[in-house]
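Working notes, beginning with the structure itself.
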Amino acid sequence: MINAKFNFYWFLFRMSALLILSGFIIENEVILLIFGFLFLHIRLGLNAITSDYIHSKKLRLIVNSLIRISIVEILGYTLELFF
Numbered sequence: 003m004i005n006a007k008f009n010f011y012w013f014l015f016r017m018s019a020l021l022i023l024s025g026f027i028i029e030n031e032v033i034l035l036i037f038g039f040l041f042l043h044i045r046l047g048l049n050a051i052t053s054d055y056i057h058s059k060k061l062r063l064i065v066n067s068l069i070r071i072s073i074v075e076i077l078g079y080t081l082e083l084f085f
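Heads up, the sequence shown is in our numbering, so the first residue is 3 and it goes up one at a time.
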C-alpha cells in the first residue's frame with residue numbers, strides 16, 4: 003500500500019512540474035492554473051521532505067499544517083500581486 007501511495011505522489015509531482023513548464027509556453031490566461039500547479043508542486047515537495055526527515059508524528063503534523071497555511075498565504079499574496 004505504501005508503494006501505491008508513493009507512486010501516486012511521484013506521478014503527481016512530476017506531472018505538476020510538466021504542466022508548470024508547458025503553461026509558461028501557452029498563453030497568459032493560464033497563469034492561474036500555473037500558480038495552482040506551482041504551489042501544488044512546492045507543497046508536495048515539502049511534504050516529501052518532512053515525511054523523510056521528521057520521524058515524530060506530532061511534529062510532522064505541525065510542520066505539514068504550517069506548510070499548508072504558508073502555501074495558502076503565499077498563493078493569496080501572489081494572486082493579489084498579479085491580478
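Ideal placement from N, C-alpha and C gives every residue a C-beta, glycine not left out.
Quick one: grab the DSSP three-state call for I56.
In the three-state reduction of the DSSP assignment, I56 falls in the coil class.
How is E29 classed by DSSP in three states: helix, strand or coil?
The three-state secondary structure of E29, taken from DSSP, is coil.
Which residues in the same chain have their Cβ closer than 6 Å to the Cβ of S72, if we skip the five residues on either side of it in sequence?
Nothing listed; no residue qualifies.
Measuring CB to CB, does I22 end up less than 7 Å from L48?
Taking 7 Å as the cut-off, the beta carbon of I22 is found no closer than this to the beta carbon of L48.
From T52 to H43, what distance separates their C-alpha atoms?
Taking the straight line joining both Cα atoms gives about 14 Å.
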